[in-house]
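Residues in the sequence shown are numbered from 195 upward in steps of one, following the numbering used here.
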Amino acid sequence: MNIGFIGLGAMGRPMARHLQAAGHALHVWARRPASVEDLPAVVWATPAEVGAACEVVFTMVTSSADVEAVALGEHGLIEGMAAGSLLIDCSTIAPEAARRIAGRLGERGIDMLDAPVSGGPQGAIDATLAIMVGGAAAALERARPLLEKLGQRIVHVGPNGAGQVAKACNQIIMVAAIEAAAEALHLSSAAGVDGGKVRQALAGGSAASRVLEVMGKRMVERDFAAGIEARLHHKDLGLVLAAARQSGVPMPLTASVAQQLNALMALGLGKNDTAALWCVLEAK
């Protein structure tokens with residue numbers, strides 16, 4: 195197939211390469227020319243041109259506004275994609291934005307799946323992502339052979355927007371666990387106890403988790419180089435709290451963790467890994 199891909203960052207680039215390795219012809223557009231360097235793909239001048247050349251287009255960009263601009267803006271995908279083609283958005287955006295974009299595309303006969311992913315850059319490289327899908331079941335079945343090249347768990351959560359709701363839930367649990375790991379290991383440090391030994395002990399009990407394994411290791415080793423940049427989790431929890439306000443849902447723990455992320459951003463650490471929440475506690 196002719197596959198389009200827009201958003202060739204730390205996760206998008208390896209995802210695009212997996213699709214290419216599966217034998218599909220890759221068509222791309224990027225705001226920054228450096229993003230497409232050394233990528234054996236057809237490079238187009240606008241998203242509309244990518245859309246016109248492809249049966250399926252993936253997007254993996256940062257914000258709701260970014261997806262809307264690429265999909266619906268001037269020279270956007272909507273101007274090029276044909277009726278019956280498919281947009282698969284793997285970004286993390288607001289559920290209402292996903293529904294709004296899907297509605298506009300649907301007026302042109304273009305299908306859309308909101309298919310945010312979890313697993314970080316390493317999951318993208320290893321093609322082990324968890325993929326949470328919102329949209330029509332028939333569209334998912336069309337997309338499934340492609341999504342299977344990117345991840346190991348593909349779940350149809352519901353109609354458009356449902357994938358983004360699931361991703362919001364993922365971020366609530368994951369980022370709260372990162373903050374919990376930071377607080378636990380900071381306590382051990384303040385008490386003069388080896389954090390590495392504490393982490394090793396906890397890994398064998400009910401506190402064991404992927405977050406403790408990966409993020410806890412980074413905290414113990416003070417390695418805060420970006421895996422997933424903290425600014426992205428800051429953005430994600432902002433989306434979660436906005437959705438909570440709209441629905442009248444109390445989220446006291448999430449609000450507290452969001453304040454810690456605000457503090458991290460104020461320290462100028464937004465481009466560090468979210469394990470740098472440890473540094474917020476240290477700064478206090």
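Yeah, the Cβ is synthetic: ideal placement off N, Cα and C, and Gly gets one too.
Once DSSP output is grouped into helix, strand and coil, what is the label at residue i?
| i | result |
| --- | --- |
| Asp320 | helix |
| Asn466 | coil |
| Leu280 | strand |
| Trp472 | helix |
| Leu220 | strand |
| Val250 | strand |
| Glu273 | helix |
| Ile197 | strand |
| Val451 | helix |
| Lys423 | The question names Lys, but residue 423 in the sequence shown is Glu. Glu423 falls in the strand class under three-state DSSP. |
| Val387 | coil |
| Val443 | coil |
| Val405 | helix |
| Val261 | helix |
Taking the alpha-carbon positions, what's the residue i to residue j distance?
| i | j | result |
| --- | --- | --- |
| Ala449 | Val349 | 28 Å |
| Leu266 | Asn196 | 21 Å |
| Ala259 | Met409 | 30 Å |
| Arg226 | Pro234 | 16 Å |
| Ala277 | Ala309 | 20 Å |
| Glu301 | Arg393 | 53 Å |
| Phe252 | Cys473 | 36 Å |
| Cys363 | Gly386 | 35 Å |
| Gly442 | Leu334 | 31 Å |
| Ile282 | Val261 | 11 Å |
| Gln460 | Gly432 | Here residue 460 is Ala; the residue named in the question, Gln, does not match the sequence. Cα-Cα distance, rounded: 15 Å. |
| Arg211 | Ser382 | 42 Å |
| Ile287 | Lys391 | 38 Å |
| Pro446 | Met326 | 25 Å |
| Ile304 | Ala292 | 14 Å |
| Ile367 | Ala402 | 14 Å |
| Ala477 | Glu342 | 43 Å |
| Ala224 | Ala246 | 16 Å |
| Ile319 | Lys361 | 20 Å |
Since I believe residue j is in contact with residue i (beta carbons under 8 Å), could you give me their beta-carbon distance rounded to a whole number of angstroms?
| i | j | result |
| --- | --- | --- |
| Phe458 | Leu471 | First, the amino acid is wrong: residue 458 is Leu here, not Phe. So it is a contact: roughly 6 Å between Cβ atoms. |
| Leu406 | Ala397 | 6 Å |
| Gly464 | Glu423 | 7 Å |
| Gly355 | Gly328 | 5 Å |
| Gly206 | Ala242 | Going by Cβ atoms, the distance from Gly206 to Ala242 rounds to 19 Å, so no, they are not a contact pair. |
| His221 | Val236 | 5 Å |
| Val480 | Gln365 | Outside the displayed range of the chain (195 to 478) lies residue 480, so it cannot be described from this structure. |
| Val369 | Val451 | 6 Å |
| Pro444 | Gln358 | Not really, about 20 Å apart at Cβ, beyond 8 Å. |
Using alpha carbons as the reference points, say which of the options lies closest to residue i.
| i | options | result |
| --- | --- | --- |
| Ala204 | His221, Thr256, Pro241 | Thr256 |
| Arg412 | Asp467, Pro315, Gly245, Lys361 | Asp467 |
| Val250 | Val237, Glu423, Arg336 | Arg336 |
| Ser285 | Gly274, Leu379, Gly314 | Gly314 |
| Leu323 | Leu344, Ile295, Pro339 | Leu344 |
| Gly389 | Gly399, Ser400, Ala401, Ala376 | Ala376 |
| Leu307 | Gln214, Ala331, Leu455 | Ala331 |
| Leu299 | Ala436, Lys429, Met275 | Met275 |
| Thr240 | Ile200, Ala370, Leu213, Pro208 | Ile200 |
| Gln346 | Pro353, Ser400, Ala321 | Ala321 |
| Gln214 | Ser400, Leu340, Ile272, Trp238 | Leu340 |
| Ala228 | Ala216, Leu202, Val244 | Leu202 |
| His427 | His380, Ala371, Leu379 | Ala371 |
Taking 8 Å as the CB-CB cut-off, is residue i touching chain B?
| i | result |
| --- | --- |
| Leu463 | Among the chains in the structure shown there is no chain B, since it carries only a single protein chain. |
Open item on the list: In chain order, what are the residue ranges of uninterrupted beta strand (DSSP E) at least 3 long that sit wholly in the region 298 to 359?
Closed with: 305 to 308, 323 to 328, 345 to 352
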